[in-house]
Structure formats: C-alpha cells, structure tokens
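Novice:
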Amino acid sequence: MKSSKHLHLMIAFITVLFGEIYLRPFYTDFRFSLGVCALGILLLIYETSFRTVLVTGMSILIFRVWLAMNLSTPFDLALMTHLPGALYYIFYGSILLASKVRYRLNHPLLALTVLLVADVTSNIMELIIRGQFHDLTSTFKLQALLLTAIIRGILILSVYLLARFYPTMFQKEEEKKKISSWILAQSKLYAEVVFLKKSEGDIEKAMTKAHGLYTYIQAHKTALPSEWADMPRKVLSITRDIHEIKKDYRRINEALRALIPDNLPASVPTPAELTNFLCDDIEVWAHSNGKSIKISRSLSPYLSDQNLFDYLSLLNNLLTNAVDAIDQSGEIKLGVSVLDGLWEITVEDNGGGIPEEDLSVIFEPGYSTHYDSKTGHMSTGIGLSQVQYIVSHLLKGQITVASKVGDGTLIQITFPLLI
Numbered sequence: 009m010k011s012s013k014h015l016h017l018m019i020a021f022i023t024v025l026f027g028e029i030y031l032r033p034f035y036t037d038f039r040f041s042l043g044v045c046a047l048g049i050l051l052l053i054y055e056t057s058f059r060t061v062l063v064t065g066m067s068i069l070i071f072r073v074w075l076a077m078n079l080s081t082p083f084d085l086a087l088m089t090h091l092p093g094a095l096y097y098i099f100y101g102s103i104l105l106a107s108k109v110r111y112r113l114n115h116p117l118l119a120l121t122v123l124l125v126a127d128v129t130s131n132i133m134e135l136i137i138r139g140q141f142h143d144l145t146s147t148f149k150l151q152a153l154l155l156t157a158i159i160r161g162i163l164i165l166s167v168y169l170l171a172r173f174y175p176t177m178f179q180k181e182e183e184k185k186k187i188s189s190w191i192l193a194q195s196k197l198y199a200e201v202v203f204l205k206k207s208e209g210d211i212e213k214a215m216t217k218a219h220g221l222y223t224y225i226q227a228h229k230t231a232l233p234s235e236w237a238d239m240p241r242k243v244l245s246i247t248r249d250i251h252e253i254k255k256d257y258r259r260i261n262e263a264l265r266a267l268i269p270d271n272l273p274a275s276v277p278t279p280a281e282l283t284n285f286l287c288d289d290i291e292v293w294a295h296s297n298g299k300s301i302k303i304s305r306s307l308s309p310y311l312s313d314q315n316l317f318d319y320l321s322l323l324n325n326l327l328t329n330a331v332d333a334i335d336q337s338g339e340i341k342l343g344v345s346v347l348d349g350l351w352e353i354t355v356e357d358n359g360g361g362i363p364e365e366d367l368s369v370i371f372e373p374g375y376s377t378h379y380d381s382k383t384g385h386m387s388t389g390i391g392l393s394q395v396q397y398i399v400s401h402l403l404k405g406q407i408t409v410a411s412k413v414g415d416g417t418l419i420q421i422t423f424p425l426l427i
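For what it's worth, our numbering labels the leading residue of the sequence shown as 9, then goes sequentially.
Okay, here's the thing in structure tokens:
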C-alpha cells in the first residue's frame, strides 16, 4: 500500500511539474502541455489505478489555484479557470486506463490511436465544460486540436519506446564490446600459441642438430684430443636439455591452446565490427604512448568469419607495427576485403619507412628499427616474424612489402579462405 501511495504521489508530482511547461501552438487557446505527455508516459510505464489519475488531477487543480491566488487572482475565479484543465487530466488518464493501452504497446499504431482518441476526447470535454465547444466549428481550431493530439501522441509513444528499449540496446552494445574484447584477447593468445608452436619446431631442429653432432663426435672420438674426451657426454647432455625444453614448450603450448575455444559464441560481432573495435583499441593504445594516430578504414561489407583468429592476429601485429613506425603523429590506412575466396589486407603508414637493404630481412625474428625513447630498449622484433609465419606456413598466402625511407611502408597480404 505504501509503495502504491508513493507511486500516486510521484506521478502527480511529475505531472504537475511538467504541466507548467507548455506551448500555445497555431495561435490558438490550446495548451501544448508537457504535463499531458508526462502523464501519458508514466501511465504507459507503470501499472496503476484510477486513484492515481484522480490524485493527479486534484494536485494539478490545487497547485494551479494556489499559484493563481499568489498572483492576486480571487479564489472563485482561479477555481473556475483551472477546474476544466484538471478535469481534462482526469478524463485523459481514465480513458487510457479504461482502454488498457499498456497492453496494446506491442501494436504501436493501435496504441497511438488510443492516445489520440484520449487526447481529442478529453479536449472536447474540457471545451464543453468551459462553454467553448462552439470553437470547434472553426476548421482551423479543429485542425489545431487534432494536430496537437497527434504530436503529443507520437511524442509520448516515442519517449516510452526509447525508455523501454534503450537499456536493452545499451546492454547489447556493452555485451558486444565484452565479446569483442574477449575475441581480441583470444586472437592475441592464438598468435602466441602459433609462435610457441614455431619455436617448438625450431627447438626440435636444434635438438636434431645437437644429436647429430653427438653422433659425429662419438664416431670420431678416437681422433679427438685427450682434453676433448668428455665432449660426447657434454653434447649428449645438451641434447637432453634441449629435449626437456621442448617438452616444457609443448606442455605450455597445449595448456594455452586449451584456452582457445573451438567455437565462437552465437552472438559474436561481425568481422567488420571486430576490426573497428581493434582499430579503436589501438588508437587508444597509441594515445596512451604519447602518439596522435588516426586509423582510416576501408572495409568490405561482406567480410568472412573464416580464419577469424588468423585474421585478427595478423591485423593486430600489422597495426601495432605501423604505430611503432610513426614517431609522434600520423595516419594508418587499413583496407580489408574478401573477394573470389581470397582475403586481402593492406596496411599503409606514413612513418619513417624501411631502408631498401633491410627489406629482405624484416621478417627475421629480432629485426626491428623501433625502440622505446624513454628506456632506450629496442623492440623484440617478433611481430613481423609472426605475420610472415602465419601467412606463409599456416594460411599458404603471400605477403609483399613496399617501403621508402621518409615516406612510409605499405604491406599487402593475401590468403585463401578455409585453410
């Protein structure tokens, strides 16, 4: 009962407050009162009773009479002036409750019709009480009444629908951002798993070479100097250590791989949305590092969700590398399309560029021209080697680089779908 009482008072208070905000459109005596809009919206939102409407109407009457008396208007004149307006609110609210318009909101056109009927009917009742019904014989005033009702009805329904669906839309947008962040994190993890897998292969090769060296030394140990007599055992020990490192790499790789899902959520954002989210994220990261960088995007509307983790891993490394190549401010141009079964990615920056003699080694692990100006530490040079490995070995694609010192760098990648 207490909560119901509070609801009555809240609706009455809001309606009284907004009832003092009004226009007189079309140069007529009709009030375009926001109080009517407020009452209509609140009656659509809250399930209430006729008592609420009655309390609201009485509150409007009391407030307006009190306000008029404070302006030196006699009580009886103030009462006669504002009683019809208060009755308008009571008629209007009663029609909305009687028609159960709250239960017709799934049919907006029907709900709008009810709002119009309630508004026009209540206005006619108010004019009758005021003794001004003859005003409706004027075509202009009748049109003004109808147009006012239409505008108020559309406004009420629009605000209600916005209040009803905006939180859901906002929640969906936030959920999409969370999923996007999760997918991008998974793509970065995927890139590390790929690199660990590559490193595991490199370790395997090193172990094979070490074991080959052991076999060779063991076969020729009689020809070794006496101080090298223990060399076969030492080489074999190194081979075993490398094998243990390989097993550790494999365990870590398998554990990380288990964290990457085989299937994406059903509500996963589109590749274009993920691309924009990643670009925004990298722009923020660049800004946090004291750089002003704009990533302009030209994205095909029909990007495929195949090879998604590969695509996002490549994009993250390429864009990060492009940001590193720019000193303080600049622009990165990103183009992504899927045509005839081929992904095509182009990333162009206006950074410092790459010397021509270095173009043949830029994909080697450890190559980098970037360093932290604060610490003086060079970049690890892992990003482009990851890109080259994913494109060439996993995706069976091609990568081309065009660069000129002082003008920037253009990297183009193509690879087929469903590798």
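We treat Cβ as the ideally placed atom computed from N, Cα and C, and that holds for glycine.
How close, in whole Å, do the beta carbons of Pro309 and Ala280 come, if the pair is a contact with beta carbons under 8 angstroms?
Specialist: About 7 angstroms; that satisfies the 8 angstroms criterion.
Novice: Among Asn358, Pro424, His401, Ile70, whose alpha-carbon lies nearest the alpha-carbon of Ile315?
Specialist: Just to set this straight, residue 315 is Asn in the shown sequence, not Ile. Comparing Cα positions, the closest option is Pro424.
Novice: Just how far apart, CA to CA, sit Asp358 and Arg259?
Specialist: A small correction: the amino acid at residue 358 is Asn; Asp does not occupy that position in the sequence shown. Distance between the alpha carbons of Asn358 and Arg259 is about 42 angstroms.
Novice: CB-CB under 8 angstroms to Ser7, same chain, minus the five flanking residues each way: which ones, in chain order?
Specialist: The displayed coordinates of the chain run from 9 to 427. Any statement about residue 7 would go beyond what the structure contains.
Novice: I need the straight-line Cα distance from Ile187 to Ile132, nearest angstrom please.
Specialist: Spanning the two alpha carbons is a distance of roughly 54 angstroms.
Novice: Within 10 angstroms of its Cβ, does Trp351 collect 16 or more other Cβ (buried), or is it exposed?
Specialist: That one is buried.
Novice: Just list the alpha helix (DSSP H) runs in the stretch 43 to 107, keeping only unbroken ones of 4 residues or longer that don't cross its boundaries, in chain order.
Specialist: For the stretch 43 to 107, whole alpha helix (DSSP H) runs of length 4 or above, ordered along the chain, are 58 to 78, 83 to 106.
Novice: If you reduce the DSSP assignment to three classes, tell me which class Ser189 lands in.
Specialist: Correct three-state label for Ser189: helix.
Novice: If I'm right that Arg138 touches Pro92 with Cβ under 8 angstroms, what's the distance once you round it to whole angstroms?
Specialist: That belief holds up - the Cβ atoms of Arg138 and Pro92 are roughly 5 angstroms apart, short of 8 angstroms.
Novice: Can you tell me whether DSSP reads Lys341 as helix, strand or coil?
Specialist: Correct three-state label for Lys341: strand.
Novice: On a CA-only basis, which of Val243, Val276, Leu232, Asn297 is nearest Leu221? Give me that one, please.
Specialist: Cα-wise, what sits closest to Leu221 is Val243.
Novice: Between the stretch 248 to 256 and the stretch 290 to 297, can you find at least three pairs of beta-carbon atoms closer than 8 angstroms?
Specialist: No, they do not touch.
Novice: Can you give the Cα-Cα distance for Ser195 and Asp318, rounded to whole angstroms?
Specialist: Between Ser195 and Asp318, the C-alpha separation is close to 7 angstroms.
Novice: With a threshold of 8 angstroms on Cβ separation, who are the neighbours of Ile398 within its own chain once the five nearest residues in sequence on each side are excluded?
Specialist: So the list reads Ala199, Val202, Asp318, Ser321, Leu322, once near-sequence residues are dropped.
Novice: Buried or exposed for Asn325, going by 16 or more other Cβ atoms inside 10 Å?
Specialist: By the 10 Å Cβ count, Asn325 comes out buried.
Novice: Got a sec? Which residues, its chain only, sit under 7 angstroms from Ala8 by beta carbon, not counting five neighbours each side?
Specialist: Nothing about residue 8 can be read from this structure; the chain reaches only from 9 to 427.
Novice: Between Gln406 and Phe371, which are expected to be in contact by the criterion C-beta below 8 angstroms, what is the C-beta distance as a whole number of angstroms?
Specialist: Between Phe371 and Gln406 the Cβ distance is about 13 angstroms, and since that is not below 8 angstroms, they are no contact.
Novice: Going by DSSP, name the residue or residues bridged to Val125.
Specialist: Bridge partners of Val125: none, in fact.
Novice: Kindly indicate which three-state DSSP category Thr354 falls into: helix, strand or coil?
Specialist: DSSP places Thr354 in strand when its eight states are reduced to three.
Novice: Is the beta carbon of Glu339 sitting closer than 7 angstroms to the one on Leu418?
Specialist: No, Cβ-Cβ distance for Glu339 and Leu418 is not below 7 angstroms.
Novice: Residue range of the beta strand (DSSP E) that Phe141 falls in?
Specialist: That residue, Phe141, is in no beta strand (DSSP E); it is neither H nor E in DSSP.
Novice: Is it true that the CB of Ala157 sits closer than 7 angstroms to the CB of Val122?
Specialist: The answer is no: Cβ separation not under 7 angstroms.
Novice: Just mark Gln336 as buried or exposed, buried being the case when its beta carbon has 16 or more other beta carbons within 10 Å.
Specialist: Gln336 comes out exposed.
Novice: Please return the same chain residues whose Cβ sits closer than 8 angstroms to the Cβ of Pro277, not counting the five positions on each side in sequence.
Specialist: Contacts found: Lys184, Ile187, Ser188, Ile191, Phe285.
Novice: Using the C-alpha atoms, what's the distance from Met77 back to Gly27?
Specialist: For Gly27 and Met77, the distance between alpha carbons rounds to 18 angstroms.
Novice: Rounded to whole angstroms, how far is the Cβ of Leu342 from the Cβ of Ser312, which I believe are closer than 8 angstroms?
Specialist: With 8 angstroms as the limit, Leu342 and Ser312 do not qualify as a contact, their Cβ atoms being about 17 angstroms apart.
Novice: Find out if the Cβ-Cβ distance for the pair Leu421, Ile362 is shorter than 7 angstroms.
Specialist: Inspection of the sequence shows that residue 421 is occupied by Ile rather than by Leu. Going by C-beta atoms, Ile421 is not nearer than 7 angstroms to Ile362.
Novice: Report buried or exposed for His7, applying the criterion of at least 16 other Cβ atoms within 10 angstroms of its Cβ.
Specialist: What is shown of the chain runs 9 to 427, which leaves residue 7 out entirely.
Novice: Which first and last residues belong to the alpha helix (DSSP H) in which Pro279 is found?
Specialist: Element bounds for Pro279: 279 to 296.
Novice: Considering just the uninterrupted stretch of the beta strand (DSSP E) at Arg305, what are its terminal residues?
Specialist: It spans 300 to 307 - the beta strand (DSSP E) in which Arg305 sits, taken as one unbroken run.
Novice: Under a Cβ-count criterion, where at least 16 other Cβ atoms within 10 Å of its own Cβ denotes burial, should Asp332 be classed as buried or exposed?
Specialist: Per the 10 Å Cβ criterion, buried.
Novice: What residues match up with Phe423 in a beta bridge as DSSP calls it?
Specialist: Answer is Trp351, bridged to Phe423.
Novice: Should Met88 be labelled buried (16 or more other beta-carbon atoms within 10 Å of its own) or exposed?
Specialist: Exposed, because fewer than 16 other Cβ atoms sit within 10 Å of the Cβ of Met88.
Novice: Within 6 angstroms: the Cβ of Glu339 and any heavy atom of the ligand MN?
Specialist: Annotation note on the ligand MN: not contained in the displayed structure, which lists no ligands.
Novice: Buried or exposed for Glu134, please, with buried defined as at least 16 other CB atoms from any protein chain shown within 10 angstroms of its CB.
Specialist: By the 10 Å Cβ count, Glu134 comes out buried.
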